[in-house]
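Everything below concerns the one structure shown next.
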């Protein structure tokens, strides 16, 4: 599991976090800290999920919690994350965007 530094969005004020790798109970804590700090500092963030290869229920719980607390926009979900979101019907709750640019322009 690795994470890119938050980077300014393409055309909007929300920062973009682009983690990559697997996120489960053991590997999630560093990403959770980064997401919580960024959301607290900026009121929200865009999660570029294109390079996330696996997310378990703890990852999904983090997304749902942050969604309730801040403006979380999930962009470019990888096939694994799109499947997780669709199977759990959380695509009806979370803000999913096909690209980072689309998420910025919302």
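Numbering (the numbering used here), first residue to last: 2 to 107.
Positions of the beta carbon are idealized from the N, C-alpha and C atoms, including for glycine.
All figures in this text were calculated on a predicted structure; none of them were measured in a lab.
Query, Result
"Same chain only: Cβ atoms within 8 Å of residue 103, ignoring 5 sequence neighbours per side", "76"
"Residues sharing a beta bridge with residue 50, DSSP", "Answer is none; residue 50 lacks a bridge partner."
"Spatially closest choice to residue 63 from 25, 14, 97, by CA coordinates", "25"
"Three CB pairs or more closer than 8 Å across the region 57 to 71 and the region 83 to 97", "yes"
"Residue 133 versus 57, 44, 101, residue with shortest Cα-Cα distance", "Nothing can be reported for residue 133, as the shown portion of the chain is limited to 2 through 107."
"Span separating the alpha-carbon of residue 14 from that of residue 48", "14 Å"
"Element boundaries [beta strand (DSSP E), containing residue 20]", "20 to 24"
"From 93, 28, 95, residue whose alpha carbon lies closest to that of residue 53", "28"
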